[in-house]
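A quick write-up on the structure given underneath.
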Amino acid sequence: MVEKGQKLTLEITDINYMGKGVAKIDDLVVFIDDAIEGDTAEIKITDIKKNFAEGKLLKIIKKSEERINPPCESSQKCGGCQLMHLDYGTQLSYKKNRVINELKRARIALDDVNVHDTLGMDEPFRYRNKTAFAVSKKNNEIIIGPYEQGTYNTVDISGCMIQSKEADEAVRLFKNLMVKYSIEPYDKKTKKGFIRNIVIRNNLQNDLMFIIVTDTEYFPKKKEVVKELSEGMKNIKTIVQNINSKNNNLVMGYKNIVLCGDGTITDHIGDLEFAISPETFFQVNPVQTEKLYNTAIEYADLKEEEICCDIYCGIGTISLLAAKKAKKVYGIELVEKSIQNAIHNAKKNNVQNTEFFAGKAEEILPKLHKQKSIQADCIILDPPRKGCEKEVIDTMISIAPEKIVYVSCNPSTLARDIKLLEEGGYKLSKVQCVDMFPWTVHVECVALLSL
Ligand code: SAH
500 MVEKGQKLTL EITDINYMGK GVAKIDDLVV FIDDAIEGDT AEIKITDIKK NFAEGKLLKI
560 IKKSEERINP PCESSQKCGG CQLMHLDYGT QLSYKKNRVI NELKRARIAL DDVNVHDTLG
620 MDEPFRYRNK TAFAVSKKNN EIIIGPYEQG TYNTVDISGC MIQSKEADEA VRLFKNLMVK
680 YSIEPYDKKT KKGFIRNIVI RNNLQNDLMF IIVTDTEYFP KKKEVVKELS EGMKNIKTIV
740 QNINSKNNNL VMGYKNIVLC GDGTITDHIG DLEFAISPET FFQVNPVQTE KLYNTAIEYA
800 DLKEEEICCD IYCGIGTISL LAAKKAKKVY GIELVEKSIQ NAIHNAKKNN VQNTEFFAGK
860 AEEILPKLHK QKSIQADCII LDPPRKGCEK EVIDTMISIA PEKIVYVSCN PSTLARDIKL
920 LEEGGYKLSK VQCVDMFPWT VHVECVALLS L
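First residue of the sequence shown? That's 500 in the numbering used here, and the numbers climb one at a time after it.
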């Protein structure tokens with residue numbers, strides 16, 4: 500019988516979906532932070548649940564061959580990157596295996612399915628084009644940084660290896676201004692103070708959009724801060740104030756006030772140009788996005804006479820790429836502002852064969868199908884982590900496109916949805932993982948299903 504507090508020496512045999520090491524004591528599975536497959540480690544049991552236990556790594560007795568020294572000094576404190584102690588090549592195979600395991604778990608036959616090796620990055624650092632940091636105060640000092648693993652405590656870091664150097668510099672500049680003008684961070688407990696979070700977005704040329712998330716519309720020394728931010732760093736092209744007055748842990752609220760510039764930045768994918776607003780989704784790793792989209796377009800194999808539907812289209816990135824090949828592309832997306840951007844992006848890129856609809860995919864797609872407005876030969880979909888609503892799956896099956904290209908950021912909902920599509924007459928033929936988030940457990944992939 501295993502007990503809480505017990506110390507044991509265990510062999511780690513796997514890594515789970517959260518990046519924790521997995522060991523077994525008879526039938527009991529133990530999850531251990533910072534341990535990896537191949538380690539033999541002394542651990543302490545910290546918690547025992549019904550089906551599993553949790554352990555804390557005390558000492559590594561035999562080091563896994565895949566273990567490396569974390570390249571980031573904050574990795575122990577910061578909850579952002581869970582695989583910092585795992586060799587990059589092994590991260591890539593871990594991600595492929597996760598997809599295979601999820602597909603198997605959903606009872607999808609893989610005999611004639613090609614699951615390709617994960618496409619990784621040559622330089623897996625400084626890849627992010629978006630940073631969201633919390634702002635708080637500790638021992639009378641302002642701290643701007645990510646949350647500590649598993650908590651809402653802000654970690655003080657001097658920089659982040661996966662975000663741009665310019666974003667690091669902008670964080671430092673803003674922190675200095677908060678100190679200079681004695682601007683207080685918002686404190687959730689006392690409900691006092693002003694600044695909740697900052698979000699920085701950058702494009703490939705390192706133009707920055709600086710978003711200051713406040714509790715109310717007012718924050719002191721606004722004019723001075725905006726002036727010094729934009730003059731202090733020429734890369735900062737636009738500054739937006741976002742207001743989140745709700746008692747929640749969401750980074751941003753729904754109201755944006757443009758304080759400087761035009762409230763957008765422009766980025767490129769291939770030869771297409773995209774305007775990005777504070778609230779619109781844009782893939783966070785531009786180098787890998789190109790590989791992801793190229794795979795999706797290759798899998799879609801669109802012909803001149805074909806009609807394509809891009810569900811969960813965001814600002815129309817995949818739609819515009821598909822429109823170059825197909826006769827017509829329909830895009831569906833929940834966020835109204837994203838659809839405005841998509842229409843603007845189509846015009847800007849002189850693409851005339853797209854049509855966009857704002858609203859829930861689970862409502863719009865069935866409606867369009869009922870009105871016989873959509874007869875797609877190919878559906879590309881890229882849903883959020885929770886995957887598709889049942890209505891979307893059912894409508895896709897009844898539209899019956901020849902090809903379905905499923906872009907997914909969550910292999911477990913991908914597997915669930917593929918199973919439903921297979922029951923509706925589709926067959927999975929290939930899967931390509933693309934590493935959009937090196938050092939983290941996040942897995943992105945593209946799957947092709949055919950009727
Ligand atoms: N394909 C785009 C966006 C993918 S992210 C790109 O690569 O940039 C997923 C998108 O789905 C987000 O833009 C989100 O706003 C949208 N979304 C979330 N729930 C939705 C729903 N129920 N119906 C339609 N779109 C939704």
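Glycine residues also receive a C-beta, built at the ideal position from the N, C-alpha and C atoms.
Since this is a predicted model, take the numbers as computed values, not measurements.
Per DSSP, the bridge partner or partners of residue 857: Indexing the sequence shown from 1 puts residue 857 at position 358. Bridge partners of residue 857: 832.
CA-to-CA distance, residue 922 to residue 592, given in whole angstroms: Translated into positions along the sequence shown, residue 592 becomes position 93. Translated into positions along the sequence shown, residue 922 becomes position 423. Each residue's alpha carbon lies about 29 angstroms from the other.
N- and C-terminal bounds of the alpha helix (DSSP H) containing residue 818: Counted from its first residue, the sequence shown places residue 818 at position 319. That run of the alpha helix (DSSP H) goes 816 to 822.
Other residues of its chain near residue 884: CB distance less than 8 angstroms, five sequence neighbours each side excluded: Looking up residue 884 in the sequence shown gives position 385. 908, 909, 912, listed in sequence order.
Check: residue 876 C-beta below 7 angstroms from any heavy atom of the ligand SAH: Taking the sequence shown and counting its residues from 1, one reaches residue 876 at position 377. No, the Cβ of residue 876 stays beyond 7 angstroms of every heavy atom of the ligand SAH.
Residue 542 to residue 581 span [Cα, whole Å]: Residue numbering aside, residue 542 sits at position 43 when the sequence shown is read from its first letter. Residue numbering aside, residue 581 sits at position 82 when the sequence shown is read from its first letter. C-alpha separation (whole angstroms): 19 angstroms.
Nonlocal neighbours in the same chain, by C-beta distance under 6 angstroms from residue 698, ignoring five residues either side: For the purposes of this step, residue 698 is taken as the residue at position 199 of the sequence shown. For residue 698, where only same-chain residues beyond five positions count, the Cβ hits under 6 angstroms are 631, 710.
Beta strand (DSSP E) runs contained entirely in the region 626 to 675, provided each spans 3 or more residues: 629 to 637, 640 to 644
Contiguous alpha helix (DSSP H) assignments of at least 4 residues, all confined to the region 759 to 798: none
Extent of the continuous beta strand (DSSP E) to which residue 929 belongs: For the purposes of this step, residue 929 is taken as the residue at position 430 of the sequence shown. Looking at the DSSP string, the run of the beta strand (DSSP E) that includes residue 929 is 926 to 933.
Counted within 10 angstroms of its Cβ, other Cβ atoms place residue 689 as buried (16 or more) or exposed: The count along the sequence shown starts at 1 and reaches residue 689 at position 190. Its Cβ having fewer than 16 others within 10 Å, residue 689 is exposed.
Residues near residue 914 by beta carbon distance below 7 angstroms, same chain, minus five either side: By one-based count along the sequence shown, residue 914 stands at place 415. Only 601, 602, 604, 605, 607 meet the Cβ criterion.
Beta-bridge pairing of residue 508 - partner residues as DSSP gives them: Looking up residue 508 in the sequence shown gives position 9. DSSP, once it has assigned bridges, lists 541 as partnering residue 508.
CA-to-CA distance, residue 756 to residue 869, given in whole angstroms: Taking the sequence shown and counting its residues from 1, one reaches residue 869 at position 370. Taking the sequence shown and counting its residues from 1, one reaches residue 756 at position 257. Going from the Cα of residue 869 to the Cα of residue 756 covers about 39 angstroms.
Cβ pair count under 8 angstroms reaching 3, the region 856 to 872 against the region 790 to 800: no
Residue 578 versus residue 897 - alpha carbon distance: Within the sequence shown, residue 578 is the residue found at index 79, counting from 1. Within the sequence shown, residue 897 is the residue found at index 398, counting from 1. Rounded to whole angstroms, residue 578 to residue 897 spans 43 angstroms at the Cα level.
Exposure label - residue 802; buried when at least 16 CB within 10 Å: By 1-based counting over the sequence shown, the position of residue 802 is 303. Looking at its Cβ environment, which holds fewer than 16 other Cβ atoms inside 10 Å, residue 802 is exposed.
Terminal residues of the beta strand (DSSP E) in which residue 600 lies: Numbered from its first residue, the sequence shown carries residue 600 at position 101. Here residue 600 belongs to no beta strand (DSSP E); instead the alpha helix (DSSP H) covers 587 to 604.
Residue 625 and residue 660 closer than 8 angstroms at C-beta: If you number the sequence shown from 1, residue 625 lands on position 126. If you number the sequence shown from 1, residue 660 lands on position 161. Yes. Within cutoff.
Selected residue, minimal CA-CA separation from residue 515, among 947, 942, 832, 736: Here residue 515 refers to the residue found at position 16 when the sequence shown is read from its first residue. Ranking 947, 942, 832, 736 by Cα distance to residue 515 puts 942 first.
Short Cβ contact (8 angstroms threshold) for residue 836 with residue 779: Sequence index remark: in the sequence shown, residue 836 carries index 337 (1-based). Sequence index remark: in the sequence shown, residue 779 carries index 280 (1-based). Going by C-beta atoms, residue 836 is nearer than 8 angstroms to residue 779.
Boundaries (first-last residue) of the beta strand (DSSP E) holding residue 529: Your numbering for residue 529 matches position 30 in the sequence shown. Counting along the chain, the beta strand (DSSP E) containing residue 529 begins and ends at 527 to 531.
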